[in-house]
């Protein structure tokens, strides 16, 4: 083989790789990030409303908004999972962590009902938001909330149930 042919093959491979990555970014990565960001905004609103209701019910003590954080956990569990982790100072929770989980689950379900948000599955309608985990780490209580907006997230929640 002559050197010009080898260089043309290498240039062709690099160009094909670049075009593939550009197309993948435009049609897969960017829309996926936009869907995740929208789902996170919706879940944040639901969780914030539920947390405020728990403050009104005295299950939680009032806290500074800067103490309320969220992050997506999709990178851990896979693309398309609309689940988010939140955390609060443990000192703001007035009940046990188990009671907090139950109260949060109830207020999230009420939020979904009030906003006509449900996950439609073959078995039945389910709440749109589910608390999937709650744990304490140092001085913070962490909890995961799944927004059951797609099949991937519903399957993720079902898999978690099988593990417990």
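In my numbering, the protein residues as written are 5 to 168. Ideal Cβ placement from N, Cα and C applies to all residues, glycine included. These numbers come from a predicted model, not from an experiment.
Query: Within the same chain, show all residues whose beta-carbon is closer than 7 Å to that of residue 75, passing over the 5 residues directly before and after it, in chain order.; Result: 88, 89
Query: Does the distance from the C-beta atom of residue 149 to that of residue 133 stay below 7 Å?; Result: yes
Query: Using a Cβ-Cβ cutoff of less than 7 Å, which residues in the same chain neighbour residue 46 once the five nearest sequence positions on both sides are dropped?; Result: 151
Query: Between the alpha carbons of residue 158 and residue 70, how many angstroms are there, rounded?; Result: 30 Å
Query: Determine the contact status of residue 136 and residue 54, defining contact as a CB-CB distance below 7 Å.; Result: no
Query: Under the assumption that residue 36 contacts residue 83 (Cβ atoms under 8 Å), give the Cβ distance between them as a whole number of angstroms.; Result: 6 Å
Query: Quick check for students: name the residue ranges of the alpha helix (DSSP H) that lie wholly in the stretch 16-88, counting only runs of 4 or more.; Result: 34-60, 78-81
Query: Could you compute how far the alpha carbon of residue 171 sits from the alpha carbon of residue 105?; Result: Because residue 171 is not part of the residues shown, which for the chain are 5 to 168, the question remains open.
Query: Got a sec, what are the start and stop residues for the alpha helix (DSSP H) residue 161 sits in?; Result: 155-167
Query: Considering only residues of the stretch 99-153, which uninterrupted beta strand (DSSP E) runs meet the minimum length of 3 residues and lie entirely inside it, listed in chain order?; Result: 122-124, 129-131, 133-141, 144-151
Query: Would you mind sorting residue 64 into buried or exposed? The rule is 16 or more other CB atoms within 10 Å of its CB.; Result: buried
Query: Return yes when the Cβ of residue 85 is within less than 7 Å of the Cβ of residue 156, no when it is not.; Result: yes
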